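Here's the structure, in structure tokens; my notes come after.
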Amino acid sequence: MYRVEDKYSCTLQELAMLQSRIGTVLKPDSNENDEEGYSIISVYFDDIYDTHMQDTVDGNSIRDKYRIRIYNHSFDTIKLEVKSKNYNRVNKKSALITFAQMQQLLQGNSIEHGYSFDDPATLFHIAMSQRKLVPKVIVAYERKAYIYEPGNVRITFDRNIRASNQIGLFGRQEISYDILRQENDAVLEVKYDEFMPEFILQMLETGNMRQTSYSKYRLCREIYSDGGKVNVSEGCD
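Each residue of the sequence shown is one higher than the one before, counting from 95 in our numbering.
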């Protein structure tokens, strides 16, 4: 199922103000680690032609992202995901994988998969076989998320966005990051099925935020576009 996804760039000050409004009405999402939210670390994959990066740079309305994601610096939950975008609507296929399967993928090898296009492992296998899909960059940030069940509304506030090219150290404490510094330091994402309640739209109004096609993947890749090397082998067991 495709959902609406709108993104807005905002300052940390605007983020704090919006969180204080939203937090009085909407409940936090189930990934909460503490009152500050939770951490997300993802490793993104692309092919030898950097097709997904180029699609983002070109602003193509239909594009895909392939990634592995963990939460709160823990390998207890490891998700394999393929996120498809069709204009401002997105669809995410997600499945849990083991640590050993994650290591296989980070080393450029496909894992056991079904025969369904709803299975992200199948989609990874096809992309690895046909287009040499490999890990490209790690994206990390802190997230505070709220949900409103009518309309399946989910509002997220992302901050402290940072990147690493140390693929072999994905999820480990010894990894080093480069901070992504932009004029606007935070990202607001609003996701819903078909209906967005008017009162939520009013709470999100600041008069200053602008809707954007903000891509964490693109911005973190661009940090290393002038000669940064991706280290796939370091730390891989």
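Note that the Cβ used here is the ideal one computed from N, Cα and C, for glycine as well. This one's a predicted model, so the numbers in the text were calculated from it and none came from an experiment.
I need the DSSP call for residue i, collapsed to helix, strand or coil.
i      : result
Thr171 : strand
Glu299 : coil
Asp331 : Bear in mind that a pLDDT of 36 at Asp331, under 50, signals an unreliable position, so the number given afterwards is only what the model happens to contain. Note: Asp331 maps to coil in three-state DSSP.
Ile241 : strand
Ser114 : helix
Pro214 : helix
Leu199 : helix
Val326 : Only weak support exists for where Val326 lies, its pLDDT of 44 falling under 50; the coordinates are left without a value.
Ser133 : strand
Val151 : helix
Phe139 : strand
Ile156 : strand
Ile269 : coil
Ile191 : coil
Arg225 : helix
Glu316 : helix
Lys101 : strand
Gln386 : What the structure shows of the chain is the stretch from 95 to 331, and residue 386 is not part of that stretch, so it cannot be assessed.
Taking just the CA atoms, how far does residue j sit from residue i?
i      : j      : result
Ile317 : Tyr271 : 11 Å
Ala215 : Ile172 : 13 Å
Asp336 : Met290 : There is simply no residue 336 to check, as the chain begins at 95 and stops at 331 in what is shown.
Leu298 : Met222 : 41 Å
Val247 : Gly208 : 31 Å
Glu130 : Lys177 : 26 Å
Val151 : Arg312 : 7 Å
Phe193 : Gln296 : 43 Å
Glu292 : Gly245 : 12 Å
Tyr308 : Gln260 : 23 Å
Ile273 : Asp252 : 14 Å
Phe139 : Lys186 : 15 Å
Gly329 : Ala189 : Residue confidence for Gly329 is low, a pLDDT of 40 falling below 50, so the modelled location carries little weight and cannot support an answer.
Asn180 : Lys121 : 28 Å
When we look at the beta-carbon of residue i and count the other beta-carbons within 10 Å, is it buried (16 or more) or exposed?
i      : result
Arg161 : buried
Gly117 : exposed
Asp279 : buried
Gly153 : exposed
Gly265 : buried
Ile142 : exposed
Arg315 : buried
Met111 : exposed
Arg275 : exposed
Ser210 : exposed
Gln195 : buried
Gln147 : Note that residue 147 corresponds to Met in the displayed sequence, not to Gln. The residue is buried, with at least 16 neighbouring Cβ atoms inside 10 Å.
Leu106 : exposed
Arg304 : exposed
Val119 : exposed
Leu174 : buried
Asp212 : exposed
Asp149 : buried
Lys285 : buried
What does DSSP give as the partner residues of residue i in its beta bridges?
i      : result
Phe251 : Lys238, Leu282
Asn246 : Asn246 pairs with nothing; no bridge assigned.
Lys230 : Answer is none; Lys230 lacks a bridge partner.
Lys310 : Answer is none; Lys310 lacks a bridge partner.
Glu356 : As displayed, the chain neither begins before 95 nor continues past 331, which places residue 356 out of reach and without an answer.
Pro291 : Per DSSP, none; premise fails for Pro291.
Asp128 : Gly131
Give a yes or no on whether 8 Å exceeds the smallest Cβ distance from residue i to chain B.
i      : result
Ser319 : In the structure shown, chain B does not exist; there is a single protein chain.
Could you tell me if the beta carbon of residue i falls within a distance shorter than 7 Å of some heavy atom in the ligand ATP?
i      : result
Gln198 : Only the bare structure without any ligand can be found here, which leaves the ligand ATP out of the picture.
Three CB pairs or more closer than 8 Å across the region 244-257 and the region 227-234: yes
Contact between the region 156-171 and the region 127-135 (3+ Cβ pairs under 8 Å): yes
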